[in-house]
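S.K.:
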Amino acid sequence: MPSTVLSGRSQRALLTRVAAAVIIVLGILGLSAGPAGAAPPPKPTIVLVHGAFADATGWRDVAATLRGQGYPVQTFDNPLRGPAHDSALLEKQLAGIKGPVVLVGHSYGGAVITNTHDPDVVANVYIAAFAPARGEFVQGLLNPVTFPGSRLLPPALQLKVVDDPTGPGGKNLDGYIAQPYFRDIFAQDVSVATAADMFAHQKSAALVANLEPSGDPSWRTVPSWYLVSRQDRVIPPALQRFMASRAAKGRTSEVDASHASLVSRPGAVAAVVLKAARASQR
Numbered sequence: 001m002p003s004t005v006l007s008g009r010s011q012r013a014l015l016t017r018v019a020a021a022v023i024i025v026l027g028i029l030g031l032s033a034g035p036a037g038a039a040p041p042p043k044p045t046i047v048l049v050h051g052a053f054a055d056a057t058g059w060r061d062v063a064a065t066l067r068g069q070g071y072p073v074q075t076f077d078n079p080l081r082g083p084a085h086d087s088a089l090l091e092k093q094l095a096g097i098k099g100p101v102v103l104v105g106h107s108y109g110g111a112v113i114t115n116t117h118d119p120d121v122v123a124n125v126y127i128a129a130f131a132p133a134r135g136e137f138v139q140g141l142l143n144p145v146t147f148p149g150s151r152l153l154p155p156a157l158q159l160k161v162v163d164d165p166t167g168p169g170g171k172n173l174d175g176y177i178a179q180p181y182f183r184d185i186f187a188q189d190v191s192v193a194t195a196a197d198m199f200a201h202q203k204s205a206a207l208v209a210n211l212e213p214s215g216d217p218s219w220r221t222v223p224s225w226y227l228v229s230r231q232d233r234v235i236p237p238a239l240q241r242f243m244a245s246r247a248a249k250g251r252t253s254e255v256d257a258s259h260a261s262l263v264s265r266p267g268a269v270a271a272v273v274l275k276a277a278r279a280s281q282r
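Just so you know, full-length UniProt numbering puts 37 at position 37 of the sequence shown, and the rest follows in order with no gaps.
#1: At what residues does the beta strand (DSSP E) containing Tyr-126 begin and finish?
#2: DSSP state of Phe-242, grouped into three classes?
#3: Which term fits His-106, buried or exposed, when burial requires 16 or more other beta carbons within 10 angstroms of its beta carbon?
#4: Touching or not, the stretch 225–242 and the stretch 72–84, by the rule of three or more beta carbon pairs under 8 Å?
#5: Tell me which residue opens and which closes the alpha helix (DSSP H) that Thr-194 is part of.
#6: Please report how far the alpha carbon of Leu-66 lies from the alpha carbon of Val-47, in whole angstroms.
#7: In three-state terms, what does DSSP make of Glu-212?
#8: For Arg-265, does the count of other Cβ atoms within 10 angstroms reach 16, so buried, or fall short, so exposed?
#9: Could you check how far apart the C-beta atoms of Ala-129 and Gly-51 are, in whole angstroms? I think they sit under 8 Å.
#10: Roughly how many whole angstroms lie between the Cα atoms of Tyr-108 and Asn-115?
#11: Does the Cβ of Ala-187 have 16 or more other Cβ atoms within 10 Å, making it buried, or fewer, making it exposed?
#12: Is the Cβ-Cβ distance between Ile-113 and Thr-45 less than 9 Å?
#13: Just list the residues that DSSP pairs Gln-158 with in beta bridges.
#14: Out of curiosity, what's the CA-to-CA distance linking Thr-103 and Asn-124?
#15: Which stretch, first to last residue, makes up the alpha helix (DSSP H) that contains Ile-113?
#16: Counting C-beta neighbours from all protein chains within 10 Å, is the total for Gly-99 16 or more, i.e. buried, or is it exposed?
#17: Using 8 Å as the Cβ pair cut-off and three pairs as the minimum, do the stretch 135–153 and the stretch 233–253 touch?
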């Protein structure tokens, strides 16, 4: 019996029919015929921004948890000079990061991320933080008539003159929390030893940083999350909920913690950051 030799055109037609049949079968089975091992969306880099009366060491446990989940993490050494100045420096750091970014701000750090505008930022996370609207400023938001409860007042809050190249004549007037009051106001739910370590790392904040009006808020266009600290003695919880209602748009959760929730409840803080990061990967 003579053998049948298919022409090149016939062979191509046969292969096309076989491939089509395979695709149909895979579709019925609910499988994908795409390339094997397709790369998942890149994980965003998480940038942690500390607030006043603290430094980046406060993020230590939160950062460790996030890195344990495979996320690249950076901290920002916040100068605490004012939202415009500090956000400009943060934007310079973000310019060196490839791919998407999740910004996390604690306390005054929230005012900084609010004034940071970078096209690669895919989410903001506010941790007991200021989330001002345009024209608002930190001290104005801490209005004791509208939102009573903050204990960040003299004699706990004290002032000192510091060397500062951004200030007039190379000097500036900074605020800080005096040692006898630090734990009770800032971190009443951490141990005495932990509070002492936090106090040793305290960075003073320029008084003008509390008085400088905010610019256009990034939370108007960037999906944002907010974690309220219910036992906060710096930013009253009612004020936090008010700011979260505008910025987070339903993405708000709460934790029984002091203002320093990133230190006393790092697991709860990391969980909110991970939620925002994973949502940005969809």
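Just so you know, even glycine gets a beta-carbon here, dropped at the ideal spot from N, CA and C.
M.R.: In brief:
#1: For the purposes of this step, residue 126 is taken as the residue at position 126 of the sequence shown. Looking at the DSSP string, the run of the beta strand (DSSP E) that includes Tyr-126 is 121–127.
#2: Taking the first residue of the sequence shown as position 1, residue 242 is located at position 242. Looking at Phe-242 - three-state DSSP - the assignment turns out to be helix.
#3: Numbered from its first residue, the sequence shown carries residue 106 at position 106. It is buried - the Cβ of His-106 has at least 16 other Cβ atoms within 10 Å.
#4: no
#5: Within the sequence shown, the letter at position 194 stands for residue 194. Element bounds for Thr-194: 192–200.
#6: Locating residue 66 in the sequence shown gives position 66, counting from the first residue. Locating residue 47 in the sequence shown gives position 47, counting from the first residue. Rounded to the nearest angstrom, the two C-alpha atoms are 11 Å apart.
#7: Indexing the sequence shown from 1 puts residue 212 at position 212. Glu-212 falls in the coil class under three-state DSSP.
#8: Within the sequence shown, the letter at position 265 stands for residue 265. Arg-265 comes out buried.
#9: In the sequence shown, residue 129 corresponds to position 129, counting from 1. In the sequence shown, residue 51 corresponds to position 51, counting from 1. Indeed they touch by this definition, with Cβ atoms about 7 Å apart.
#10: Counting from 1 along the sequence shown, the entry for residue 108 is found at position 108. Counting from 1 along the sequence shown, the entry for residue 115 is found at position 115. Between Tyr-108 and Asn-115, the C-alpha separation is close to 11 Å.
#11: Within the sequence shown, numbered from 1, the residue matching residue 187 stands at position 187. The Cβ neighbour count for Ala-187, taken over all protein chains shown within 10 Å, is at least 16; the residue is labelled buried.
#12: Your numbering for residue 113 matches position 113 in the sequence shown. Your numbering for residue 45 matches position 45 in the sequence shown. No, they are not a contact pair.
#13: Sequence index remark: in the sequence shown, residue 158 carries index 158 (1-based). Answer is Tyr-176.
#14: Position 103 of the sequence shown, counting from 1, holds the residue named residue 103. Position 124 of the sequence shown, counting from 1, holds the residue named residue 124. With the sequence shown as reference, residue 103 is identified as Leu, and Thr is not the correct amino acid for it. When rounded, the distance between both Cα atoms is 5 Å.
#15: Mapped onto the sequence shown, residue 113 falls at position 113. Per DSSP, Ile-113 belongs to the alpha helix (DSSP H) from 108–114.
#16: For the purposes of this step, residue 99 is taken as residue 99 along the sequence shown, with counting starting at 1. Gly-99 should be labelled exposed.
#17: yes
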